[in-house]
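S.K.: My structure is below; once you've seen it, I'll send some questions.
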Amino acid sequence: TEGVVTDVNGVKLGFAVCYDLRFPQLFRAEALAGAQVLSVPAAFTRQTGEAHWHVLLRARAIENGAYLIAAAQGGLHEDGRETYGHSLIVDPWGRI
166 TEGVVTDVNG VKLGFAVCYD LRFPQLFRAE ALAGAQVLSV PAAFTRQTGE
216 AHWHVLLRAR AIENGAYLIA AAQGGLHEDG RETYGHSLIV DPWGRI
């Protein structure tokens, strides 16, 4: 598994998207490539978000000793789907 890491003003930023959050090896690859901050935009459904969103984000930050920024779509959509929201930043100790 290979991640995407780039330098943004001297900070190494790793990128993932939504469902990637379920694959810890991707985040590990990015951390090993020097990522200091991990980025995960997502659109978890309300049900999945309530059960997994915070715990998975905190785990990825702790496992890799990196900050994690997670932008999350939230709301009720025209097709009836409801997304969880709860955008957050997690520090390397898992603190939100």
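The sequence shown: position 31 = 196 (the numbering used here), numbered continuously. Backbone N, C-alpha and C define an ideal beta-carbon position, used for all residues, glycine too. In this text, all values refer to a predicted model and were calculated from it rather than measured experimentally.
(1) Where does Ile261 sit, in a helix, a strand or coil, going by DSSP?
(2) Quick one: residues in its chain with C-beta nearer than 8 angstroms to the C-beta of His242, no 5 flanking neighbours on either side, listed in chain order?
(3) Can you list, in chain order, the residues of its chain whose CB lies under 8 angstroms from that of Cys183, leaving out five sequence neighbours each side?
(4) Check the DSSP bridge columns for Phe180 and list the partner residues they point to.
(5) In the segment 183-257, which residue ranges form an unbroken alpha helix (DSSP H) of at least 4 residues, counting only runs that do not cross its ends?
M.R.: In this structure, then:
(1) Here the question's residue 261 lines up with position 96 in the sequence shown. Looking at Ile261 - three-state DSSP - the assignment turns out to be coil, as it is neither helix nor strand.
(2) As a position in the sequence shown, residue 242 is number 77, starting the count at 1. Excluding its 5 nearest sequence neighbours in each direction, His242 has C-beta neighbours in its own chain below 8 angstroms: Thr248, listed in chain order.
(3) What you label residue 183 is simply residue 18 of the sequence shown in a count that begins at 1. By the criterion of a C-beta distance shorter than 8 angstroms, Cys183 is surrounded in its chain by Val205, Pro206, Ala207, Ala208 and Phe209, once the five residues flanking it on both sides are discounted.
(4) As a position in the sequence shown, residue 180 is number 15, starting the count at 1. Per DSSP, the beta bridge partners of Phe180 are Val169 and Ser204.
(5) 189-197 and 219-229
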